[in-house]
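**Q** The structure is given below, and queries will be raised subsequently.
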Amino acid sequence: MKTTWYISPWFIATVLTLIYALSVVIVNNDSLALVTIGTRFSEGIPQDAGGTEGYDGQFVYFIARDPSTAEVFIANGGDYPAYRYQRILLPALARIFSLGNTDLIPWAILFINLLAIAGGTAALESLLKQRGISRWYALGYALSLAIMGSARLSLPEPLAYGLVLIAMLLIDKDRWLLAAGALAFAGLAKETTLIFAAGYGLYLVYQRRWRLMLIFGAITLIPFAVWQIILYDRFGTFGIGSGGAGATGFTVIPFGGVLEIVIFIIQAAMEVIQAGEANPVVVIFRALIGVLIFAVVLIPFVIYPTIWGLRHGWVALRTKSPSPLVFVLLINCAVMLFVPFSTYREVLGILRFIAGLEIVIILFAAQLNAKRMLRYTTFWALTIIFLIGSG
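With the first letter of the sequence shown counted as 1, position 170 gets the number 185 in my numbering; the numbers rise by one all the way through.
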C-alpha cells in the first residue's frame with residue numbers, strides 16, 4: 016500500500032530534529048544556544064579562570080562568521096585551526112546560505128543539516144527497500160545522537176553522512192563516478208567519511224577494476240588533498256592527524272581506548288585512596304559506577320555492533336562474490352577497534368563517531384535479512400537521551 020510522503024522516516028526524523036532544535040532556542044531565548052559557544056574560545060578566558068568549554072559547533076560558527084579571523088578564536092582556547100578548518104563544507108555553505116548575516120548563521124547551519132537528514136534518511140530508506148527490508152529501520156540512524164544530536168549541536172555529521180548515503184545509493188546503481196563526487200564533498204565535511212571511500216577502493220582493487228579504481232580514488236581524494244595543502248600553507252600544519260585539543264593518537268591494541276578508560280578510572284581512584292582524601296569504600300564504589308556508566312554506553316552501542324560486523328563481514332568476505340558493502344563494513348568496524356582514548360572517554364564524542372558504523376550495520380543486517388540485528392539497530396535512537404539529558 017502506498018503511503019503518504021509525510022508518513023515516512025525521513026520526514027518524521029526531520030520534523031523531530033527541528034522541534035528539538037527550536038525547543039533549545041526557545042528555552043535559551045537565543046539561537047546561539049544551538050552553537051554552544053564557550054568563553055575559552057570566544058573571549059580567551061582560561062579554564063582555570065572560569066572560562067567555559069562550549070562544544071565543537073562553535074568552530075563551525077566562527078569559520079562561517081568570518082573565515083579570516085576564526086583561527087584567532089580557535090587558537091584562543093588552545094585548539095588547532097587546521098584541524099577545525101579541514102571540515103570546511105558546512106561553514107562554507109552556512110556562510111552562503113546566511114548571505115553573510117551573522118544572526119542567520121545558526122539558522123543556516125540548522126537548515127543545511129535538516130536538508131541533510133531528510134536526504135540522507137531518504138537515501139537509507141531506498142537502500143533498505145532495495146534489499147526488501149522495511150524503510151522504518153532508517154530511524155535507528157536518523158534519530159541517533161550522531162545525526163539528530165549533531166544537528167542540534169551545529170556539527171557536520173548530518174551533512175557528511177547524508178552525502179555518504181547518497182554515494183552508497185549511487186554505487187548500488189553502479190554510478191561510481193557520481194558517487195565519488197559525493198564522497199569528495201563528504202570528505203570536506205568530515206574527514207572520517209573517507210573510511211567509506213577506502214572501503215569502496217578496496218572493493219575495486221579486489222575486483223581488479225584498476226582504471227575505475229584510479230578514477231574513483233582521484234575524484235574522491237584530490238579535493239581533500241588540495242585542501243590539506245592549502246591548510247598547511249596557511250597554518251603550517253595539515254588538518255588531518257593534528258587532532259583537536261586534548262586529542263590522543265589511535266591505539267595499536269584492539270579496543271585499547273576502552274581499556275585506557277578503565278585504567279584511568281582505577282589510577283584516579285588509587286591516587287585518591289593513597290592521598291587519604293576520602294573513604295576507600297566510597298572511592299571504589301564511585302570508580303565502579305564510573306566504569307558501569309561507560310559500559311552502559313560502549314558495550315551495547317559500540318562494542319557489540321563492531322564485533323557483530325567483524326564476524327559476519329569476515330564470513331561474507333570468504334564467499335565467492337562479496338559485495339562492496341562487505342568491504343565498507345569491515346573497514347568501518349576495523350577502525351572502531353583502534354579509536355583513540357580521547358574519543359572513547361567522551362560520551363558525545365564516541366556516539367558521534369559511530370555514525371558510519373550505524374549505516375553499515377543497518378545495511379549489512381538488511382543484506383543478510385538478519386531481523387534480530389535489524390531490531391537491535393533501532394536502539395541507536397536511544398543515544399539521543401545522552402544529549403537531551405545533558406541540556
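Using N, Cα and C, we set each Cβ at its ideal position, and we do this for glycine too.
Can you tell me the Cβ-Cβ gap for Ala302 and Ile281, rounded? I've got them flagged as a contact below 8 Å.
**A** Their Cβ separation, rounded to whole angstroms, is 7 Å, which keeps Ala302 and Ile281 in contact under 8 Å.
**Q** Counting beta carbon pairs with one atom in the stretch 385-403 and one in the stretch 361-372, are three or more of them shorter than 8 Å?
**A** The stretch 361-372 vs the stretch 385-403: in contact.
**Q** Measuring alpha carbon to alpha carbon, tell me which residue in Thr263, Tyr319, Val287 and Glu292 is nearest Phe394.
**A** Comparing Cα positions, the closest option is Tyr319.
**Q** What is the rounded straight-line gap between the Cα of Lys205 and the Cα of Pro295?
**A** Roughly 44 Å between the two C-alpha positions.
**Q** Measure how close the beta-carbons of Trp225 and Ala133 come, nearest whole angstrom, since I'm counting them as under 8 Å.
**A** With 8 Å as the limit, Trp225 and Ala133 do not qualify as a contact, their Cβ atoms being about 37 Å apart.
**Q** Pick out whichever of Thr321, Ala396 and Val354 has its Cα sitting closest to the Cα of Val343.
**A** Checked all of Thr321, Ala396 and Val354; the closest Cα to Val343 is Thr321.
**Q** Ignoring anything shorter than 3 residues, give me the beta strand (DSSP E) runs that lie fully in the stretch 142-215, in order along the chain.
**A** Entirely contained in the stretch 142-215, not one beta strand (DSSP E) run reaches 3 residues.
**Q** Identify every run of the beta strand (DSSP E) within the stretch 300-372, keeping only runs that are complete inside it and at least 3 residues long; order them along the chain.
**A** Counting whole runs of 3 or more residues, the stretch 300-372 contains no beta strand (DSSP E) stretch at all.
**Q** Which residues in the same chain have their Cβ closer than 6 Å to the Cβ of Glu86, if we skip the five residues on either side of it in sequence?
**A** Excluding sequence neighbours, Glu86 sits near Pro96.
**Q** Which ranges would you report for the beta strand (DSSP E) in the stretch 49-94 if only whole runs of at least 3 residues count?
**A** Complete beta strand (DSSP E) runs here, min 3: none at all.
**Q** Leaving aside the five residues before and after Asp45 along the sequence, list all residues of the same chain whose C-beta is less than 6 Å from its C-beta, in chain order.
**A** Around Asp45: no qualifying Cβ.
**Q** Let's see if you can read the secondary structure: which residues bound the alpha helix (DSSP H) around Trp392?
**A** Reading off the sequence shown, one finds Thr at residue 392, where the question assumed Trp. Where Thr392 is concerned, the enclosing alpha helix (DSSP H) stretches over Lys386 to Thr392.
**Q** What did DSSP end up calling Phe265 once you bin it into helix, strand or coil?
**A** Coil at Phe265, not helix or strand.
**Q** Could you give the distance in angstroms between the alpha-carbon of Gly135 and the alpha-carbon of Ala153?
**A** Those two C-alpha atoms are separated by around 10 Å.
**Q** Would you tell me roughly how many angstroms separate the C-alpha atoms of Phe300 and Ala293, rounded to the nearest one?
**A** The straight-line gap from Cα to Cα measures roughly 12 Å.
**Q** Grab the span of the alpha helix (DSSP H) containing Gly271 for me, first residue to last.
**A** Note, Gly271: alpha helix (DSSP H), Gly271 to Ala290.
**Q** Would you call the CB atoms of Tyr176 and Val273 closer than 7 Å?
**A** Result no, Cβ atoms of Tyr176 and Val273 do not sit closer than 7 Å.
**Q** Which value, in whole angstroms, describes the spacing of the CA atoms of Arg110 and Ile60?
**A** Distance between the alpha carbons of Arg110 and Ile60: 27 Å.
**Q** Would Leu209 and Gly216 qualify as a contact pair, given that the criterion is a beta-carbon distance under 7 Å?
**A** No. Outside cutoff.
**Q** Which stretch, first to last residue, makes up the alpha helix (DSSP H) that contains Trp225?
**A** Looking at the DSSP string, the run of the alpha helix (DSSP H) that includes Trp225 is Trp225 to Phe250.
**Q** Is it true that the stretch 191-198 meets the stretch 243-250, where meeting means three or more beta-carbon pairs spaced less than 8 Å apart?
**A** Not touching, per the Cβ criterion.
**Q** Considering just the uninterrupted stretch of the alpha helix (DSSP H) at Ile34, what are its terminal residues?
**A** Residues Pro24 to Asn43.
**Q** Verify whether the separation of the beta carbon atoms of Phe353 and Thr263 is less than 7 Å.
**A** No.
**Q** Measuring straight from C-alpha to C-alpha, what distance separates Leu372 and Gly92?
**A** Computed Cα separation, rounded: 31 Å.
**Q** If Leu389 sits next to Leu142, beta carbons under 8 Å apart, how far is it from one beta carbon to the other, in whole angstroms?
**A** That belief does not hold up - the Cβ atoms of Leu389 and Leu142 are roughly 13 Å apart, past 8 Å.
**Q** Please go through the same chain and pick out, in chain order, the residues whose beta-carbon is closer than 6 Å to the beta-carbon of Leu185, but skip the five residues on each side of it.
**A** Here the set comprises Leu193 and Ala194.
**Q** Just mark Leu219 as buried or exposed, buried being the case when its beta carbon has 16 or more other beta carbons within 10 Å.
**A** Its Cβ being crowded by 16 or more others within 10 Å, Leu219 is buried.
**Q** How far does the alpha helix (DSSP H) with Phe100 in it extend, from its first residue to its last?
**A** Here residue 100 turns out to be Tyr, not Phe, going by the sequence shown. Counting along the chain, the alpha helix (DSSP H) containing Tyr100 begins and ends at Pro96 to Tyr100.
**Q** Identify, in the order they occur along the chain, each residue of the same chain with its Cβ nearer than 6 Å to the Cβ of Ala381, setting aside the five sequence neighbours on each side.
**A** Closer than 6 Å at the Cβ level, and outside the excluded window around Ala381, lie Leu143, Arg146 and Ile148.
**Q** Rounded to a whole number of angstroms, what is the C-alpha to C-alpha distance between Ala310 and Val317?
**A** Taking the straight line joining both Cα atoms gives about 10 Å.
**Q** Please state whether DSSP places Asn128 in a helix, a strand or coil.
**A** Helix.
**Q** In the structure shown, what three-state DSSP assignment does Tyr21 receive?
**A** In this structure, Tyr21 counts as coil in the three-state DSSP scheme.
**Q** Where do the ends of the alpha helix (DSSP H) carrying Phe253 lie?
**A** It is not in any alpha helix (DSSP H) - Phe253 carries neither H nor E in the DSSP assignment.
**Q** How about Pro171 and Arg99: are their beta carbons less than 7 Å apart?
**A** Not a contact, by the Cβ cut-off of 7 Å.
**Q** Assign Leu114 to one of three DSSP states: helix, strand, or coil.
**A** Reduced to three states, the DSSP call for Leu114 is coil.
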